[in-house]
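*Asks:* The working numbering runs 6 ahead of the 1-based position in the sequence shown.
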Amino acid sequence: MAGGKMKPVVKEIFLLRFVACLGIVLMHSVTLVLDIYDIEENTVFFVLTSLQLALMFGTPIFIFISEFVIAYSYSDELPKRFYKKRFSYIFLPFIFIGIVDAVLHSININSIDFEKKVLLNFFEGDFHGYFIIIIFQFYFLHPLFVKFIVSKYPAYKVIITACLLNFVYLAFFNFFDPFKYLYFLPYIEVEWTVLNKMPFPAWIAYFVVAYYCGKNYEQFIALLHRFRYVLPSICLLMLGVLLASQWSGLITEVHSKRIDVIFYTLSVAFLLFFIASKIRNMPKLIIFISRYSFGIYLLHPLFNIMLKSFFTKYIDVLSASIVIVSTFLISTVCSICVTYLLNKWKFGPYLVGQVHAKEKATSNKIRASKTKQLVNHR
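1) Hey, Lys341 and Leu305: beta-carbon distance below 9 Å or not?
2) With contact counted as at least three CB pairs below 8 Å, one residue from each stretch, are the segment 34-44 and the segment 315-334 in contact?
3) Taking Phe142 as the reference, give the member of Phe182, Ala161, Ser79 and Phe213 with the closest Cα.
4) Put Asn370 into one of helix, strand or coil per three-state DSSP.
5) Using the C-alpha atoms, what's the distance from Leu40 back to Ala208?
6) In this structure, does DSSP put Val15 in helix, strand or coil?
7) Tell me the start and end of each unbroken beta strand (DSSP E) in the segment 113-174 that is at least 3 residues and wholly inside, in chain order.
8) What's the call for Thr55, buried or exposed, on a 16-neighbour Cβ count within 10 Å?
9) Tell me whether the beta-carbon of Ser296 lies closer than 9 Å to the beta-carbon of Leu84.
10) Does the Cβ of Tyr187 have 16 or more other Cβ atoms within 10 Å, making it buried, or fewer, making it exposed?
11) Spell out a yes or no on whether the segment 133-140 and the segment 86-105 are touching, meaning 3 or more CB-CB pairs, one atom from each, closer than 8 Å.
12) Do Val16 and Tyr78 count as a contact pair if the criterion is CB distance below 9 Å?
13) With DSSP as the reference, label Arg234 as helix, strand or coil.
14) Quick one: Cα of Ala275 to Cα of Ile268, how far?
15) Given this structure, state the Cα-to-Cα distance separating Met7 from Phe68, to the nearest angstrom.
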């Protein structure tokens, strides 16, 4: 497969993109409501914050998907135009959306200057596009990982090491108080925030696990089928740990850079893979949203900024639930429409990314046969 065409996409990826994408949009819709409504720490606050936490798998799953697809599609080495295509259709949209985000914030929030917001966006990851910087780190890390790690060490040792590294790295940021011990450093808050989310060690577990799952796809699916009865329980257990650590006060910040999000995200990804493997024909809506997932991810927060200004004027007459549902639907539909229209223009994909092609999924019969053989041999 070196430098050749990609294999047909595995159909499970459609469901993962669908859930991760819409999960992020819903999570940001809930965040918008918590920002504009003066919700005290009552039952509503508890429910909405718990929902936010339950949806924190979104961004990490996109990182998982990215490496899974690369490991599955390219057996030996990356194709010649790999980096060029991703620079054109992923990094350039990052630049464009970062500028648009700065414009909207400078218009809607008087205290933020456009120039300052641009610098914050690109050098401190102060907008949702920071995810792309993480993805690009793994694009460059991938060939080094394959050459120097995969060929020399057993998979289980690499996976355990990556998970431990990820856990320890985030634990430092979750529990160490920089304002108490590093107060003498200038701009400590900015430095702390950047180091918490931007360097690849903060996400390394998703990359490594995804690599081995994609590289050994049939064995991975067979393993999920062997443990199919415990997958939902593990997922619920991890969610329980996540919520318990939040409401006990152990970890109180609501974001995806928490140690308890690591294993929760992986349990969600595995459960979704298993569910998708049982679906004979993936619903057209799931495939459609999957195709537009990158555009939705990039654009929906921009619509949220505008919707926030609008809904703030009507908080006395609109309930929180109506605002959440309205924001979710409007930002999703508008993002799809803008992505569709811009992809009709020659330069549009450089601004919002390409719409995923109508990918051909792997043959169910072939995959099912391989999976059955692998299960029977275990």
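Ideal Cβ placement from N, Cα and C applies to all residues, glycine included. Keep in mind the model is a prediction, meaning the values are calculated, not measured.
*Replies:* Put simply:
1) A quick correction: the sequence has Ser, not Lys, at residue 341. Taking 9 Å as the Cβ cut-off, Ser341 and Leu305 qualify as a contacting pair.
2) yes
3) Phe213
4) With a pLDDT of only 46 at Asn370, under 50, the local geometry of the prediction cannot be trusted, and the value read off the model is given with reservation. Asn370 falls in the helix class under three-state DSSP.
5) 27 Å
6) strand
7) none
8) buried
9) no
10) exposed
11) yes
12) yes
13) coil
14) 11 Å
15) Confidence in Met7 is poor, its pLDDT being 38 and thus under 50, which makes the residue's placement too unreliable to answer from.
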